[in-house]
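**Q**
Protein chains: 2
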Amino acid sequence: MKLKDLAAQLGLSQTTVSRALNGYPEVSEVTRARVVAAAKRHDYRPNVRAKALATGRSMAIGHVLPVSNSHEMVNPVFADFIAGASETYTRSGYDLVLSVVPDEEQESHYRTMASKQSVDGLLVHSPRPDDPRIPLLQKIGIPFVVHGRDSEVADYSWVDINNRRAFRRATEFLVDLGHTRIGLLNGREDYEFARRRRAGVEEGLAARGLRADPALMYSDEMTEQYGYRAASALLALDAPPTALLASSTIIAFGIRRAAIERGLVLGRDLSLISHDDVLSYFRNGDEEPLFTAIRSSVWEAGRRAAEALIRQIADPDTLPQILLEADFVIGTSTGPAPKTNAKRKA
Amino acid sequence: MKLKDLAAQLGLSQTTVSRALNGYPEVSEVTRARVVAAAKRHDYRPNVRAKALATGRSMAIGHVLPVSNSHEMVNPVFADFIAGASETYTRSGYDLVLSVVPDEEQESHYRTMASKQSVDGLLVHSPRPDDPRIPLLQKIGIPFVVHGRDSEVADYSWVDINNRRAFRRATEFLVDLGHTRIGLLNGREDYEFARRRRAGVEEGLAARGLRADPALMYSDEMTEQYGYRAASALLALDAPPTALLASSTIIAFGIRRAAIERGLVLGRDLSLISHDDVLSYFRNGDEEPLFTAIRSSVWEAGRRAAEALIRQIADPDTLPQILLEADFVIGTSTGPAPKTNAKRKA
DNA sequence: GGGTGCATCCAAAGCGCTTTGACGATGGAC
DNA sequence: GTCCATCGTCAAAGCGCTTTGGATGCACCC
Numbered sequence: 068m069k070l071k072d073l074a075a076q077l078g079l080s081q082t083t084v085s086r087a088l089n090g091y092p093e094v095s096e097v098t099r100a101r102v103v104a105a106a107k108r109h110d111y112r113p114n115v116r117a118k119a120l121a122t123g124r125s126m127a128i129g130h131v132l133p134v135s136n137s138h139e140m141v142n143p144v145f146a147d148f149i150a151g152a153s154e155t156y157t158r159s160g161y162d163l164v165l166s167v168v169p170d171e172e173q174e175s176h177y178r179t180m181a182s183k184q185s186v187d188g189l190l191v192h193s194p195r196p197d198d199p200r201i202p203l204l205q206k207i208g209i210p211f212v213v214h215g216r217d218s219e220v221a222d223y224s225w226v227d228i229n230n231r232r233a234f235r236r237a238t239e240f241l242v243d244l245g246h247t248r249i250g251l252l253n254g255r256e257d258y259e260f261a262r263r264r265r266a267g268v269e270e271g272l273a274a275r276g277l278r279a280d281p282a283l284m285y286s287d288e289m290t291e292q293y294g295y296r297a298a299s300a301l302l303a304l305d306a307p308p309t310a311l312l313a314s315s316t317i318i319a320f321g322i323r324r325a326a327i328e329r330g331l332v333l334g335r336d337l338s339l340i341s342h343d344d345v346l347s348y349f350r351n352g353d354e355e356p357l358f359t360a361i362r363s364s365v366w367e368a369g370r371r372a373a374e375a376l377i378r379q380i381a382d383p384d385t386l387p388q389i390l391l392e393a394d395f396v397i398g399t400s401t402g403p404a405p406k407t408n409a410k411r412k413a
Numbered sequence: 068m069k070l071k072d073l074a075a076q077l078g079l080s081q082t083t084v085s086r087a088l089n090g091y092p093e094v095s096e097v098t099r100a101r102v103v104a105a106a107k108r109h110d111y112r113p114n115v116r117a118k119a120l121a122t123g124r125s126m127a128i129g130h131v132l133p134v135s136n137s138h139e140m141v142n143p144v145f146a147d148f149i150a151g152a153s154e155t156y157t158r159s160g161y162d163l164v165l166s167v168v169p170d171e172e173q174e175s176h177y178r179t180m181a182s183k184q185s186v187d188g189l190l191v192h193s194p195r196p197d198d199p200r201i202p203l204l205q206k207i208g209i210p211f212v213v214h215g216r217d218s219e220v221a222d223y224s225w226v227d228i229n230n231r232r233a234f235r236r237a238t239e240f241l242v243d244l245g246h247t248r249i250g251l252l253n254g255r256e257d258y259e260f261a262r263r264r265r266a267g268v269e270e271g272l273a274a275r276g277l278r279a280d281p282a283l284m285y286s287d288e289m290t291e292q293y294g295y296r297a298a299s300a301l302l303a304l305d306a307p308p309t310a311l312l313a314s315s316t317i318i319a320f321g322i323r324r325a326a327i328e329r330g331l332v333l334g335r336d337l338s339l340i341s342h343d344d345v346l347s348y349f350r351n352g353d354e355e356p357l358f359t360a361i362r363s364s365v366w367e368a369g370r371r372a373a374e375a376l377i378r379q380i381a382d383p384d385t386l387p388q389i390l391l392e393a394d395f396v397i398g399t400s401t402g403p404a405p406k407t408n409a410k411r412k413a
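Top line first, the protein sequences correspond to chains A and B.
So the first sequence is numbered by my numbering: it starts at 68 and just counts up by one.
So the second sequence is numbered by my numbering: it starts at 68 and just counts up by one.
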């Protein structure tokens, strides 16, 4: 069933039928009702390809997921982010076209997408410092929103959380509890978000007159095993940290394992604050938060980013920039610095 | 730069340019070379929308992810499966259009996709028993591949692992080690894969003359906390199981936590076999497997499913059905049934 | 020299939709 | 009774590509 058939059936022209269905005012309400009823009856839905060609808009948004080719790793964060975004797209009639592309092919892939004109806008994931994709897209002139920022002054549209502030705050919280040896199990610091988090920790320490100890700072792909191994190494030090900051709940799981294995109780012997993306399958406790955490739902971020992109497509002059503040939730994994350590320092 | 411009520039007709670029034989090699060179020089790439309209093929595959609307949960398994599929699509020039749709809207969403003609084929995730989507798609007549099967005799294309056999084998392995009280921490049993796994366990027990104890069988969304809570409950029984089967590595993490917390050593005090989808962020150990496991990469399954679908689109008469056998890898989490329990039974 | 066959290329139609520009009908103002 | 808006409708062009059905030129053969 195509437009032509439907028009013939109704004894109307294609023009009128098209207008009726798309809500143009030049058609009488009685005709519109007839057309809409007939369309529903025949389950008519316009062919998107033809529509796209005629309007020049494909009603699709591109997401390009970078995958570390060496590891074949895809971060579970993406699943939730995309689920959030997809929700918004579906509601607005957009499709989401996804491609998973090895790091080194990113740039050429973006170029291809743009010249094929298969999408009306792009969502850029995981920006690196001085990410080449951004000037590329600006040059091409296609609407895009970045999840994260590649620098403090970013002249493009983005959605990000205030990583620096959140980690600074968490750090100060720990220092105020008496902790002075604080470790950080960060994500890969060739990504901006991880750099900001580290900067936040350093600022927090500095603000309280402490200095960051590089020996307590780790950075890697955020797996459970990384959390376990790094925490085990840290806890085996002569002067182990009394508190740890983790860049993800998954890392925190690994830390907890290392702690339990040593008979340490979180919140008493070792304090732990985790960043919590509120991932579907890695909830930080149920009703009660398990870990004290910097919490910001990445699902929600996906939703917001999608909205920002759609807004920008509608009006290319707006460049939405959305900074989400993370919640700071107190769980059972933090407490005052243990006496023994205090003594050791004295 | 469009075809017309390129043709004009070269002093050729659109026909010839189009043929040259698409590898048709009716064009001389010298002309083809000229055209290809010019296309590269101008970074010409055909507009996919126009191409799709002209050819009737949109060069896109649809994936519809079900999301339990109540929980807003998206299974991390999808991320790896889709990454694998996307790899294949990209290589074959297909786009992947993704939608995340609440359970109850699944059917209407499939219907819409088909009538909009925006995709050439569909990949169906997470089949339920007697899943209505399957007859629907058969009626519509669009090529599709199901990840999993909704029944033992399935007259459509699917890619699945031999869940039943794998869990049967794991169960027998445990019984042969002397375990008689064996628990199962399964996924949601309103999905086919979980039913098969349970059936496999029951078969394995029956084959060794044992009966399944419903009190030792759990079923739920596969989170770490579910694993922890269910295992804790089981271990607190008067006659606790000496061995557990887990439907995912994430559940196994939870079980391990419960075990460690009780001072139990996996492989000595409690045996554990997990299903391992080889998810990016939940590796079962690094070089050495941590858990004894039924292993089958879901990334690979995505790749195979995508290949099957593309094959089917090319030749609708083939209905590829691919049954992957899982590896059985021995880790450190299994061992003979502890004496104390053996005594208790005697 | 006229036919045959092949290699190369082209004009134009068509994919299913939107949108421009025009047209007949109606009704109110004068 | 004429004129002019306004309304409701339509025919046709166009989106950028593929593909059908020739057209042209040239070598080859009898």
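Ideal placement from N, C-alpha and C gives every residue a C-beta, glycine not left out.
Just to confirm, is the Cβ distance from residue 359/A to residue 350/B under 8 Å?
**A** Walking along the first sequence from the start, residue 359/A turns up at place 292. Walking along the second sequence from the start, residue 350/B turns up at place 283. No, the pair does not count as a contact, with Cβ atoms beyond the cut-off.
**Q** Strictly below 8 Å CB to CB, what residues from chain A border residue 147/B?
**A** As a position in the second sequence, residue 147/B is number 80, starting the count at 1. Those within 8 Å of residue 147/B in chain A are 141.
**Q** Closest to residue 365/A by CA distance: which of 88/A, 300/A, 230/A and 222/A is it?
**A** To locate residue 365/A, count along the first sequence from 1; it is residue 298. Of the listed residues, the one whose Cα sits closest to residue 365/A is 230/A.
**Q** For the alpha helix (DSSP H) containing residue 72/B, name the first residue and the last one.
**A** For the purposes of this step, residue 72/B is taken as residue 5 along the second sequence, with counting starting at 1. Start and end: 70-77.
**Q** Put residue 388/B into one of helix, strand or coil per three-state DSSP.
**A** Here the question's residue 388/B lines up with position 321 in the second sequence. In the structure shown, residue 388/B sits in a strand (DSSP, three-state: E or B).
**Q** Cβ of residue 401/B within 8 Å of Cβ of residue 312/B?
**A** Numbered from its first residue, the second sequence carries residue 401/B at position 334. Numbered from its first residue, the second sequence carries residue 312/B at position 245. Not a contact, by the Cβ cut-off of 8 Å.
**Q** From the DSSP output, which residues share a beta bridge with residue 134/A?
**A** Position 67 of the first sequence holds residue 134/A. Looking at the DSSP assignment, residue 134/A forms a beta bridge with 169/A.
**Q** Locate the alpha helix (DSSP H) running through residue 191/A, then write down its first and last residues.
**A** Start at 1 with the first residue of the first sequence, and residue 191/A comes out as number 124. Here residue 191/A belongs to no alpha helix (DSSP H); instead the beta strand (DSSP E) covers 188-191.
**Q** Within the chosen definition, does the segment 307-322 of chain B reach the segment 249-265 of chain B through at least 3 CB pairs nearer than 8 Å?
**A** Yes: at least three Cβ pairs fall under 8 Å.
**Q** With distances taken between CB atoms, is the gap from residue 322/B to residue 298/B smaller than 8 Å?
**A** Translated into positions along the second sequence, residue 322/B becomes position 255. Translated into positions along the second sequence, residue 298/B becomes position 231. Going by C-beta atoms, residue 322/B is nearer than 8 Å to residue 298/B.
**Q** Just how far apart, CA to CA, sit residue 418/A and residue 404/A?
**A** In the structure displayed, chain A extends from 68 to 413; residue 418/A sits before or after that span and is not available.
**Q** I need the straight-line Cα distance from residue 176/B to residue 348/A, nearest angstrom please.
**A** For the purposes of this step, residue 176/B is identified with residue 109 of the second sequence, where counting begins at 1. For the purposes of this step, residue 348/A is identified with residue 281 of the first sequence, where counting begins at 1. The alpha-carbon atoms of residue 176/B and residue 348/A are separated by roughly 25 Å.
**Q** Out of curiosity, what's the CA-to-CA distance linking residue 346/B and residue 144/B?
**A** Working through the second sequence from its first residue, we reach residue 346/B at position 279. Working through the second sequence from its first residue, we reach residue 144/B at position 77. Near 7 Å, if we compare the C-alpha coordinates of residue 144/B and residue 346/B.
**Q** Where residue 228/B and residue 240/B are concerned, what is the direct C-alpha to C-alpha distance, given to the nearest angstrom?
**A** Indexing the second sequence from 1 puts residue 228/B at position 161. Indexing the second sequence from 1 puts residue 240/B at position 173. Near 19 Å, if we compare the C-alpha coordinates of residue 240/B and residue 228/B.
**Q** Using the three-state DSSP reduction, which class does residue 331/A fall into: helix, strand or coil?
**A** Here the question's residue 331/A lines up with position 264 in the first sequence. Of the three classes helix, strand and coil, the one that applies to residue 331/A here is coil, per DSSP.
**Q** Please list the terminal residues of the continuous beta strand (DSSP E) segment that includes residue 396/B.
**A** Numbered from 1 along the second sequence, position 329 holds the residue referred to as residue 396/B. Run containing residue 396/B: 394-396, per the beta strand (DSSP E) assignment.
**Q** Inspect the CB distances between the segment 104-118 of chain A and the segment 182-190 of chain B and report whether three or more fall short of 8 Å.
**A** The answer is yes - the segment 182-190 of chain B touches the segment 104-118 of chain A, with three or more Cβ pairs under 8 Å.
**Q** Quick one: what does DSSP say residue 244/B is sitting in, helix, strand or coil?
**A** The residue you call residue 244/B lines up with position 177 of the second sequence. Residue 244/B: coil per DSSP, three-state reduction.
**Q** Taking the alpha-carbon of residue 191/B as reference, which of 216/B, 206/B, 76/B and 208/B has the nearest alpha-carbon?
**A** Position 124 of the second sequence, counting from 1, holds the residue named residue 191/B. Checked all of 216/B, 206/B, 76/B and 208/B; the closest Cα to residue 191/B is 216/B.
**Q** Going by other Cβ atoms of all chains shown within 10 Å of its Cβ, with 16 needed for buried, is residue 261/A buried or exposed?
**A** Looking up residue 261/A in the first sequence gives position 194. So residue 261/A counts as buried.
**Q** Measuring straight from C-alpha to C-alpha, what distance separates residue 361/B and residue 278/A?
**A** Residue numbering aside, residue 361/B sits at position 294 when the second sequence is read from its first letter. Residue numbering aside, residue 278/A sits at position 211 when the first sequence is read from its first letter. Whole-angstrom Cα-Cα distance: 47 Å.
**Q** Report the rounded CA-to-CA distance for residue 109/A versus residue 122/A, giving the unit in angstroms.
**A** To locate residue 109/A, count along the first sequence from 1; it is residue 42. To locate residue 122/A, count along the first sequence from 1; it is residue 55. The straight-line gap from Cα to Cα measures roughly 24 Å.
**Q** Would you report the Cα separation of residue 306/B and residue 356/B, rounded to the nearest angstrom?
**A** Stepping through the second sequence from its first residue, residue 306/B is reached at position 239. Stepping through the second sequence from its first residue, residue 356/B is reached at position 289. So the alpha carbons of these two residues sit roughly 29 Å apart.
**Q** Which same chain residues end up closer than 8 Å to residue 98/A when comparing Cβ atoms and leaving out the 5 residues on each side of it in sequence?
**A** For the purposes of this step, residue 98/A is taken as residue 31 along the first sequence, with counting starting at 1. If we look at residue 98/A and ignore the five residues flanking it on each side, its Cβ neighbours are 79, 83 and 87.
**Q** Counting only beta-carbon separations shorter than 8 Å, does residue 285/B have a partner in chain A?
**A** The count along the second sequence starts at 1 and reaches residue 285/B at position 218. Not one chain A Cβ lies under 8 Å of residue 285/B.
**Q** Counting along the chain, where does the alpha helix (DSSP H) carrying residue 337/A start and finish?
**A** The sequence position of residue 337/A within the first sequence is 270, counting from 1. Element bounds for residue 337/A: n/a, residue is neither H nor E.
**Q** Would you say residue 352/A and residue 320/A are within 8 Å of each other, going by their C-beta atoms?
**A** On the first sequence, position 285 is the one that residue 352/A refers to. On the first sequence, position 253 is the one that residue 320/A refers to. The answer is no: Cβ separation not under 8 Å.
**Q** Just by C-beta distance, which residues in the segment 150-165 of chain A are closer than 9 Å to chain B?
**A** The segment 150-165 of chain A vs chain B, Cβ under 9 Å: 150, 151, 152, 153, 154, 156, 157, 162, 163, 164 and 165.
**Q** Let me make sure I understand the geometry here. Which of 398/B, 396/B and 375/B has the alpha-carbon closest to that of residue 223/B?
**A** Position 156 of the second sequence, counting from 1, holds the residue named residue 223/B. That would be 375/B, whose Cα lies nearest to the Cα of residue 223/B.
**Q** Does residue 436/A come within less than 8 Å of chain B when only Cβ atoms are used?
**A** Chain A is shown from 68 up to 413; residue 436/A falls before or after that span and cannot be answered.
**Q** Identify each residue in the segment 327-359 of chain A for which the Cβ-Cβ distance to at least one residue of chain B is less than 7 Å, and report them in chain order.
**A** So the list reads 327, 328, 347, 348, 349, 350 and 353, given in the order they occur along the chain.
**Q** What does the alpha-carbon distance come out to for the pair residue 157/A and residue 127/A?
**A** Residue mapping note: residue 157/A aligns to position 90 of the first sequence, counting from 1. Residue mapping note: residue 127/A aligns to position 60 of the first sequence, counting from 1. Taking the straight line joining both Cα atoms gives about 10 Å.
**Q** With residue 120/A as the anchor, note down where its alpha helix (DSSP H) starts and where it stops.
**A** Walking along the first sequence from the start, residue 120/A turns up at place 53. Looking at the DSSP string, the run of the alpha helix (DSSP H) that includes residue 120/A is 115-122.
**Q** With residue 395/A and residue 275/A assumed to form a contact (beta carbons below 8 Å), what rounded beta-carbon distance in angstroms separates them?
**A** Here residue 395/A is taken as the residue at index 328 of the first sequence, counted from 1. Here residue 275/A is taken as the residue at index 208 of the first sequence, counted from 1. Not confirmed; about 17 Å, so no contact.
**Q** Could you tell me whether the Cβ atoms of residue 167/A and residue 132/A are closer together than 8 Å?
**A** Residue mapping note: residue 167/A aligns to position 100 of the first sequence, counting from 1. Residue mapping note: residue 132/A aligns to position 65 of the first sequence, counting from 1. In contact: residue 167/A and residue 132/A (Cβ atoms closer than 8 Å).
**Q** My output table needs one value for residue 361/B: the three-state DSSP class, helix, strand or coil.
**A** As a first step, residue 361/B must be located in the second sequence, where it is residue number 294. Residue 361/B falls in the strand class under three-state DSSP.
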